[in-house]
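To start, the structure under review is shown below, and the notes come after it.
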Amino acid sequence: MKILLLIRSLNAGGTEKQLIYLARGLKDLGYEVHVAVFYQDGTWDSLVKANSKIHFHCLEKRGRWDVLSFIWSFKKLIQVYDFDVVYGFLPSGNLIASLAKRFYSSKRPKVAWGIRVSKMDYGRYGLLDILLEWTERCLAPGADRIIVNSQKGLDICRNSGFPADKLFYIANGIDTETYVKTKADGLRIRTMLGIPAEASLIGIVARIDPMKDHETFLRAAALLAKRKKNAKFICIGGQTQRFPGYFEKLQRLASKLKIADQIYWAGHQQDIVSWINALDFSCSASSFGEGFSNAVGEVMACEIPCVVTDVGDSAVIVGDAGRVVPPGEPRALADALLELSSLSPDEKCLLGLRARSRIVEHFSIGRMVNDTDAALRGLHYDSTMLSPVGG
């Protein structure tokens, strides 16, 4: 089967990471895999280009308002390769993927959409995001498969009028061979930061974005710092251009809360596994929008106990291997982190092992790839009435 995976760019992010995992996995199953991006020079373009068996295409979009030449490039791509399936990711990818049904040459492709969020607060974003979301809901009946990466997202799609017979739930996959416990790497990071061995380092792994609610994390940190004198805190994740001044706002809040000297701002880190392993505990403070949090799964795979807010599928991911609190409640978050930090070393170790076991058992890359393969095989079978790929 010939498939095109379509996304705005391959800058570092959770959806982008899942697309790369999927491209590699489908290639190993015998698919002819093509990846197309709107914009060139994404952070992770090289990860796709390095694989000679995955075909990489850039549609060379030059900016937001470069529409006609961009659409023309997409049309030529569709007509040259005659894909069996065009699979879009995120609203912009989904909407452009839908055009494939109008641009085909000799074979009309099936269109799959990827929904990666749950309940969004679009008031925090721009008019374009609101328009994209509205257009996506209007065009959803035209998609042949709508793949949602969270149960919460699936419920929201159903309640928003998306065609129920086209909805598929496929959870993200976590790379449990890369995300492993490595004490030496964690110690190296702690030494570099000057964090004492007896200190308890609590971190949030998330880009600087209102959705991730660093404000609640900082307020919880301030409460916890009063009760646990050896607590230190770290924010691992880069700033985004969409929210100028937001990072500075968070820094001012940390100063106002009198914890500026206890907070480390690590920014985006390439060697994220080492930074995760420097943590004693982790938390996800997201207040809206999460589908399946890669960061939660990756932290758990590294055997780091975590506290999550009940947003998206974070509670499902954690299960009985962590703690779940309501979103936007700093005191509840602080209490849960204090409870974890009060565990004995043996109890903490057992909880970490349980966390990793849960990820390995339920959220592997292999399961994600095989579930996607099954969903796409159905499309191919419906359109050709022949044995599906690998059949």
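Adding 4 to a residue's 1-based position in the sequence shown gives its number in this note's numbering. Note that CB positions come from ideal geometry on N, CA and C, so glycine has one too. Nothing here was measured: the structure is a model prediction, and the numbers come from that model.
Between the Cα of Gly293 and those of Gly177, Cys310, Lys262, Ser154, spot the shortest distance and give me the residue it belongs to. Ser154
Throw me the rounded Cβ distance for the Cys161 and Val152 pair, which I believe falls under 8 Å. 6 Å between Cβ atoms; contact.
If you run the structure through DSSP and keep just helix, strand and coil, what is Tyr43? It is coil, neither helix nor strand.
Using the C-alpha atoms, what's the distance from Gly130 back to Arg120? 18 Å
Whole angstroms is fine: what's the gap from Gln266's alpha carbon to Thr220's? 16 Å
Could you give the distance in angstroms between the alpha-carbon of Cys239 and the alpha-carbon of Arg211? So the alpha carbons of these two residues sit roughly 9 Å apart.
Assuming the contact rule is C-beta atoms closer than 8 Å, Val311 and Leu261 should be a hit. Round their C-beta distance to whole Å, please. So it is not a contact: roughly 19 Å between Cβ atoms.
What are the uninterrupted segments assigned as beta strand (DSSP E) that are 3 or more residues long and contained completely in the region 294-347, given in chain order? 310-313, 327-329
Who are the Cβ neighbours of Ala16 in its own chain at under 7 Å, not counting the five residues just before and after it? Thr47, Trp48, His272
Euclidean distance between Cα positions of Ala336 and Asp284: 19 Å
Measure the beta-carbon distance from Ser290 to Val315 and round it to whole angstroms, keeping in mind my assumption that it falls under 8 Å. Sure, about 5 Å apart at Cβ, within 8 Å.
Leaving aside the five residues before and after Tyr43 along the sequence, list all residues of the same chain whose C-beta is less than 6 Å from its C-beta, in chain order. Ser13, Lys65
Is the region 245-257 in contact with the region 201-211, if contact means three or more CB pairs nearer than 8 Å? With a cut-off of 8 Å on Cβ pairs, the region 245-257 is not in contact with the region 201-211, counting fewer than three such pairs.
Whole angstroms are fine: how far does the CA of Phe251 sit from the CA of Gly242? 9 Å
The beta strand (DSSP E) spanning Phe172 covers which residue range? 171-173
Quick one: residues in its chain with C-beta nearer than 8 Å to the C-beta of His218, no 5 flanking neighbours on either side, listed in chain order? Taken in chain order, the residues that qualify are Ile208, Ala210, Ile212, Cys239, Leu254, Ala289.
Return the bridge partner residues of Gly92 from the DSSP annotation. Leu10
With 16 other CB atoms within 10 Å as the buried threshold, where does Gly127 fall? Per the 10 Å Cβ criterion, exposed.
Helix, strand or coil, according to DSSP, for Ala359 in the structure here? helix
What residue range is occupied by the uninterrupted beta strand (DSSP E) comprising Lys114? Bounds of the beta strand (DSSP E) holding Lys114 are 114-119.
For Leu415, count neighbouring C-beta atoms within 10 Å of its own C-beta (all shown protein chains included) and say buried if the count is 16 or more, exposed if not. Residue numbering for the chain in the displayed model covers 5 to 395; residue 415 lies beyond these limits and cannot be assessed.
Do Arg371 and Met304 have their C-beta atoms closer together than 8 Å? no
Between Phe367 and Thr139, what straight-line distance do the alpha-carbon atoms span, to the nearest angstrom? About 31 Å.
Could you tell me the distance, in whole angstroms, from the CA atom of Ser122 to the CA atom of Gly18? Between Ser122 and Gly18, the C-alpha separation is close to 14 Å.
Range of the contiguous alpha helix (DSSP H) that encloses Arg194: 187-197
By DSSP's criteria, Glu36 is part of a beta bridge. Which residues make up the other side? DSSP lists Lys6 as partners of Glu36.
Who are Arg149's beta bridge partners in DSSP? Beta-bridge pairing links Arg149 to Ala116.
How big is the Cα-Cα spacing for Asp275 and Trp269? So the alpha carbons of these two residues sit roughly 15 Å apart.
Leaving out five residues on either side along the sequence, give the residues of the same chain with a beta carbon under 7 Å from the beta carbon of Ser56. none
Spatial distance of Arg149 from Leu158 (CA atoms): About 13 Å.
Just to confirm, is the Cβ distance from Gly29 to Ile369 under 8 Å? yes
According to the neighbour-count rule (16 or more other Cβ atoms, all chains shown, within 10 Å of its Cβ), is Met5 buried or exposed? buried
Where does Ile369 fall in DSSP's three states? The answer is helix: DSSP assigns Ile369 an H, G or I state.
Distance check for Ile58 and Glu299, CA to CA, integer angstroms please. Before going on, a small fix: residue 299 reads as Ala here, not Glu. Each residue's alpha carbon lies about 26 Å from the other.
Would you mind reading off the limits of the alpha helix (DSSP H) that contains Tyr129? Where Tyr129 is concerned, there is no enclosing alpha helix (DSSP H), because DSSP gives it neither an H nor an E.
When DSSP labels each residue in this structure, what does Gln274 get in the three-state scheme? coil
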